[in-house]
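Okay, structure first, notes after.
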Amino acid sequence: MARKKQIIIPIAILAIGIGAYIGFSSMKKPPEEKAEVDNTPIVEVKNITVMPMTMKVSSYGVVKPKYETTIVAQVSGEVVELSDTFVRGGLVKKGQLLARIDPNDYHAALIDAQANMASARAALETEVAQGKVAEKEWQQITDTSPTELSLRKPQLAQELANVKSAQAAILRAERNLQRTEIRAPYDAMINSRSIGLGSFVGVGSEIGMLLGTAVAEVRLPVADNQLQYLINQGLQSKVNLSGTFAGEAIQWPAEIVRSEGVVDDNSRMTYLVAEIQDPYYLNDHNQESALPLRFGAYVTAKILGINIEHASIVPQYLVVNNQVALLDSDSKLHYADVNIVRQEGGNVVINKGLLDGDQLIVSSLDYPVEGMKLSLVTDVQDEQNDNSSTSAEKIDVVNNENEGE
1162 MARKKQIIIP IAILAIGIGA YIGFSSMKKP PEEKAEVDNT PIVEVKNITV MPMTMKVSSY
1222 GVVKPKYETT IVAQVSGEVV ELSDTFVRGG LVKKGQLLAR IDPNDYHAAL IDAQANMASA
1282 RAALETEVAQ GKVAEKEWQQ ITDTSPTELS LRKPQLAQEL ANVKSAQAAI LRAERNLQRT
1342 EIRAPYDAMI NSRSIGLGSF VGVGSEIGML LGTAVAEVRL PVADNQLQYL INQGLQSKVN
1402 LSGTFAGEAI QWPAEIVRSE GVVDDNSRMT YLVAEIQDPY YLNDHNQESA LPLRFGAYVT
1462 AKILGINIEH ASIVPQYLVV NNQVALLDSD SKLHYADVNI VRQEGGNVVI NKGLLDGDQL
1522 IVSSLDYPVE GMKLSLVTDV QDEQNDNSST SAEKIDVVNN ENEGE
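If you count the sequence shown from 1, you need to add 1161 to reach this note's numbering.
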């Protein structure tokens, strides 16, 4: 009996151990399978836009009149009249009276010159008559040819000279009388006035300064390396001027009319001169509501240059050795050779090597290799969103089953 117990007990313990092992093994969860990791580089792209483009060269300048004139007195005398518009900022028309110098002395001088003219003409007529009498008397005395002295020709020449001198005196007196009236030589704005009513001016005394309002000019400095983007070095090019008037941003059209032809010693710039017709809109009645381009205003300029049929703008840092990285239709890396026309700030203008709709890679790659497989950020995000949606649906199903139980 004891022997049977010694045999049965170990067997029972072994059976219990095996049963416990089997029970615990059935309770252990199997290891979850790990998802395959996708090591494809993820990139961000930007679509290339190719379109016609007009090159523009930026510049700046100050608006000045094409003509400005300092008016000085050509006769002396007291200022007896001043126009109401002869004030700083006043607008005057060509030929308009600005000031008048006392003309009385010059009227008297003209009358005196006219009197001298009358006397000279009378003396000339008398001398002509005396010459005819002398000729008749000579013919009655002798048949020989008379001398010029006997015919009083020297006296006649003297009287003719006196008449011409009297004519010159009249012209001088009339001119001096006209100069007592100070008139505007062209349509202008009064920049300054140096005289007052009752003041005395002498010959050469400054009266004021006029600024012509018909045409304004702006000197535009342009770097030598920018001239290549302009047609005919900018001559006859259109210009868009930008400035402010009463706090409002305004644009005015202009045109390059000439180049100063030299490089400035200080700035090393070439100066192009742009002209603006009727900057104050005084003659164009259709532009009465337009804001004027005032003299002295600071403006920025965009000079229109050459046209490029197929141009695209790319950030400069994406161009390496005249190549840019593209994502081709097979989602692979492709390096395209490009031709850079111009650099504009942090961008470059490219005219060859890119097509409209090309996908430019704007993110960095650690070890880029031509033809390597790439993934878009948007595709990865869409896939993650799909996985998240699927997981959420599974959780909802489990929750619903638990609630049903």
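Quick reminder that beta carbons are idealized off the backbone N, C-alpha and C, glycines included. Source: prediction; values computed, not measured.
Asked                                                                                                                                                        : Found
Smallest Cα separation from ASN1323: which of VAL1236, LYS1513, ALA1274, ILE1351?                                                                            : ALA1274
What residue from ASN1468, PRO1315, TYR1441, TYR1267 has the CA that sits closest to MET1216's CA?                                                           : ASN1468
With 16 other CB atoms within 10 Å as the buried threshold, where does SER1482 fall?                                                                         : Residue identity check: residue 1482 is Asn in the sequence provided, not Ser. Classification for ASN1482: exposed.
Measuring straight from C-alpha to C-alpha, what distance separates GLU1205 and LYS1513?                                                                     : 23 Å
Return the CA-CA distance between ARG1380 and GLN1397, expressed in angstroms with no decimal places.                                                        : 14 Å
With a Cβ-Cβ cutoff of 8 Å, do GLY1373 and TYR1228 count as a contact?                                                                                       : yes
What's the call for VAL1541, buried or exposed, on a 16-neighbour Cβ count within 10 Å?                                                                      : Residue placement at VAL1541 is flagged as unreliable, the pLDDT there being 49, under the threshold of 50; a coordinate-derived value is accordingly withheld.
Distance, Cα to Cα, VAL1383 vs SER1420?                                                                                                                      : 10 Å
Rounding to the nearest angstrom, what Cα-Cα distance links ILE1501 and ASP1425 in this structure?                                                           : 29 Å
Taking Cβ positions, are VAL1454 and ILE1437 nearer each other than 8 Å?                                                                                     : Looking at the sequence itself, residue 1454 is Leu, so the reference to Val does not match. Contact flag set, yes.
How about LEU1143 and LEU1252: do their beta carbons lie closer than 8 Å?                                                                                    : Because the chain spans 1162 through 1566 in this model, residue 1143 falls outside it and cannot be assessed.
Which residue wins for smallest C-alpha separation from VAL1460, given the options VAL1223, ASP1245, ASP1527?                                                : VAL1223
Would you call the stretch 1237-1244 in contact with the stretch 1258-1266, where contact means no fewer than 3 C-beta pairs closer than 8 Å?                : yes
DSSP beta-bridge partners for ILE1351?                                                                                                                       : LEU1371
Nearest to GLN1291 by CA position, among ALA1276, ASP1266, ALA1269, ALA1318, is which residue?                                                               : ALA1318
Would VAL1576 and GLN1477 qualify as a contact pair, given that the criterion is a beta-carbon distance under 8 Å?                                           : There is no way to answer for residue 1576, as the model of the chain reaches only from 1162 to 1566.
Mind checking which residues open and close the beta strand (DSSP E) that includes GLU1416?                                                                  : 1409-1424
Measuring CB to CB, does GLY1256 end up less than 8 Å from ARG1344?                                                                                          : yes
Between the alpha carbons of LEU1388 and ILE1511, how many angstroms are there, rounded?                                                                     : 18 Å
CB-CB under 7 Å to GLN1412, same chain, minus the five flanking residues each way: which ones, in chain order?                                               : ASN1401, LEU1402, SER1403
Using 8 Å for Cβ pairs, my map puts VAL1434 next to GLU1378. What's the rounded Cβ distance?                                                                 : 6 Å
Excluding five sequence neighbours on each side, which residues of the same chain lie with their C-beta closer than 6 Å to the C-beta of GLY1238?            : ILE1262, ASP1263
Going by the beta-carbon positions, is the gap between LEU1521 and VAL1475 smaller than 8 Å?                                                                 : yes
Using three-state DSSP, classify GLN1319 as helix, strand or coil.                                                                                           : helix
Whose C-beta lies closer than 8 Å to the C-beta of SER1490 among residues of the same chain, with five residues either side of it excluded?                  : none
Could you check the C-alpha separation between LEU1391 and SER1219 for me, to the nearest Å?                                                                 : 11 Å
Taking 8 Å as the cut-off, decide whether the C-beta atoms of LEU1487 and ALA1472 are in contact.                                                            : no
Using the Cα positions of PHE1456 and GLY1408, report the straight-line distance between them to the nearest angstrom.                                       : 16 Å
Starting from ILE1232, follow the beta strand (DSSP E) in both directions and report where the run begins and ends.                                          : 1229-1233
Return the CA-CA distance between ASN1265 and GLY1363, expressed in angstroms with no decimal places.                                                        : 16 Å
Near GLU1335, which residues of its chain fall below 7 Å by C-beta distance, leaving aside the five closest residues on each side in sequence?               : LEU1271
Using three-state DSSP, classify LEU1537 as helix, strand or coil.                                                                                           : strand
Locate the beta strand (DSSP E) running through ALA1260, then write down its first and last residues.                                                        : 1258-1262
Could you tell me the distance, in whole angstroms, from the CA atom of ALA1176 to the CA atom of THR1201?                                                   : 54 Å
Determine the contact status of ALA1329 and ALA1281, defining contact as a CB-CB distance below 8 Å.                                                         : no
Sorted by chain position, which residues of the same chain lie with C-beta nearer than 7 Å to VAL1559's C-beta, five sequence neighbours on each side aside? : Summary for VAL1559: the model assigns pLDDT 42, below 50, so the residue's position carries little reliability, and this model does not support an answer.
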